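Protein chains in written order, with our numbering: chain A, 1 to 196; chain B, 1001 to 1196. Here's the structure we're looking at; comments come further down.
There are 2 protein chains.
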Amino acid sequence: MIGGMGRWEPNARGRLEEAALELYGERGYEQTTVAEIARRAGLTERTFFRHFADKREVLFGGGTLLEERLTAAVAAAPASAGPLEAVAAALDAVGPLFQQRHERSRRRQAIILAHAELRERELIKLATLASALAGALRERGVGEPAASLAAEAGIAVFKIAFERWAGEPGEEADLRQVMREAFAELRAVTAGAPGP
Amino acid sequence: MIGGMGRWEPNARGRLEEAALELYGERGYEQTTVAEIARRAGLTERTFFRHFADKREVLFGGGTLLEERLTAAVAAAPASAGPLEAVAAALDAVGPLFQQRHERSRRRQAIILAHAELRERELIKLATLASALAGALRERGVGEPAASLAAEAGIAVFKIAFERWAGEPGEEADLRQVMREAFAELRAVTAGAPGP
DNA sequence: CGACTGATGTCAGTTGCTGTCATCACAAGC
DNA sequence: GCTTGTGATGACAGCAACTGACATCAGTCG
């Protein structure tokens, strides 16, 4: 239709993602209809739902790649590393994934923060990552509930660090550096006088 | 007042909550329609949406009470307590809220865990609690990102401890005790050195 | 060339959710 | 006792998200 080659332009999924990001940014998430996204991508509403389970999922496509890299990094951490150290190493390994696309990450994060529905989806994605991290830790011999706690704490660090990083303008901020500082802060906070 | 059989039976909201909990348990969340919930409660679909923003919210009514008690407990913690200690005291203070209704908590949690849509709502409620906790900590003079980290870590402890507690049969398990153990585990995990 | 496969289009239908107006019990004032 | 609110509810129309079923067409393989 548009180009002139085959019946189907390539990369339908990518076009849908791009169209959605644009429209969500221009008119807002709720004011954008799935039919409009599909139309801008040169497709139909039905096809949108063949590529994405629902209207939100179009913003959360790269989840599996992230999960794979995180768990792989946990598995690759030195045997001497403790649970939280392994998680920190995993987050460190994944930092460049976002650093490369700082601007797109910012656009996406701004849209997500503006709508409760999208924040819900973001949170369940993070919870899924935490669950995967906990599984990877258990593979290393970490018991429960230590594995889940280390994973959840690590994801909390990531969440807070990412929000700070994505909120900063410019390209200078280093996500990995922000995450390292957050980890240090977490250790300081939890080091308080416990005393059972 | 109550005796006077008027046009409207009292406690419409409560009847809707009860009907929803029953139907979600009997036929599953997705297989239950809002019209059915309303019909069992002796009301109409339109009235359901006057009491609850959406189909999920009917399971998450008591959120404000929980938030109030948590923030109040943080504010009431002794000045000598560190951030995480204040959060731990707050969770300790709300333990009885669930302990009293162990059976209902179990039913509810089983339904929520079975459906991704409901877990999403659960997670955003927890995130809201974390945000409120962080605010209460800032009121105590805790800076950022320490306040957010302590709050998120505390909520992670609550989440994991609650899952364990709600998964246990019988009435014997003590939620507060489970939470205290989880806090101890968190401190051990974040202490840095790999355990024995 | 012809069958097969996979991505897309078309259409109808269900359901969550909202706006709008009518209805009815109850209470307050005349 | 009658009138006049007031607030909760019912009745109805409508939009948009999502799904199932079937048709269509490009490229591939025999």
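All C-beta atoms in this analysis are idealised placements derived from N, C-alpha and C, irrespective of residue type, glycine included. These numbers come from a predicted model, not from an experiment.
Rounded separation between residue i and residue j - CA only
i         : j         : result
A/Glu120  : A/Ile111  : 13 angstroms
A/Gly61   : A/Ala127  : 16 angstroms
B/Pro1096 : B/Arg1176 : 8 angstroms
A/Val94   : B/Arg1039 : 51 angstroms
B/Glu1185 : B/Ile1160 : 11 angstroms
B/Pro1078 : B/Ala1086 : 8 angstroms
A/Gly25   : B/Glu1172 : 52 angstroms
A/Glu163  : A/Leu113  : 10 angstroms
A/Gly141  : A/Ala81   : 12 angstroms
A/Gly28   : A/Lys55   : 13 angstroms
B/Arg1013 : A/Arg180  : 47 angstroms
B/Leu1066 : A/Asp92   : 36 angstroms
A/Met5    : A/Ala19   : With a pLDDT of 43 at A/Met5, under the threshold of 50, the predicted position of this residue should be treated as unreliable, and no value is reported.
B/Leu1118 : B/Phe1098 : 19 angstroms
A/Glu168  : A/Asn11   : 32 angstroms
B/Leu1070 : A/Lys125  : 26 angstroms
B/Ala1072 : A/Ala76   : 44 angstroms
A/Ala88   : A/Glu103  : 24 angstroms
B/Thr1032 : A/Asp174  : 48 angstroms
B/Gly960  : B/Phe1158 : Since the first and last residues shown for chain B are 1001 and 1196, residue 960 of chain B lies out of range.
A/Arg107  : B/Arg1107 : 40 angstroms
Per-residue burial, residue i [other beta carbons within 10 Å of its own, 16 or more giving buried]
i         : result
B/Pro1083 : buried
A/Arg50   : exposed
B/Glu1068 : exposed
A/Ala116  : exposed
B/Ala1053 : exposed
B/Glu1030 : exposed
A/Glu122  : buried
A/Met1    : Caution applies to A/Met1, whose pLDDT of 37 falls short of 50 and renders its modelled position unreliable; the value that the coordinates give is listed next. Under this definition A/Met1 is an exposed residue.
A/Ala182  : buried
B/Ala1146 : buried
Residue i, DSSP secondary structure in three states
i         : result
A/Arg140  : coil
A/Ser80   : coil
A/Gly6    : Unreliable positioning characterises A/Gly6 in this predicted model, as indicated by a pLDDT of 46, which lies under 50. The coordinate reading is nonetheless provided below. In the structure shown, A/Gly6 sits in coil (DSSP, three-state: anything other than H, G, I, E or B).
B/Tyr1024 : helix
B/Lys1159 : helix
B/His1102 : helix
Residue j beta carbon less than 9 angstroms from that of residue i
i         : j         : result
B/Val1034 : B/Glu1045 : yes
A/Leu137  : A/Val178  : no
B/Ala1156 : A/Glu144  : no
B/Ala1150 : B/Ala1134 : yes
B/Arg1190 : A/Arg187  : The sequence as given places Thr at residue 1190 of chain B; Arg does not occur at that position. Cβ distance < 9 angstroms, so B/Thr1190 and A/Arg187 count as in contact.
B/Ala1090 : B/Gly1154 : yes
A/Ala130  : A/Ser148  : yes
A/Glu36   : A/Leu23   : yes
A/Gln109  : A/Ala166  : yes
B/Leu1021 : B/Phe1048 : no
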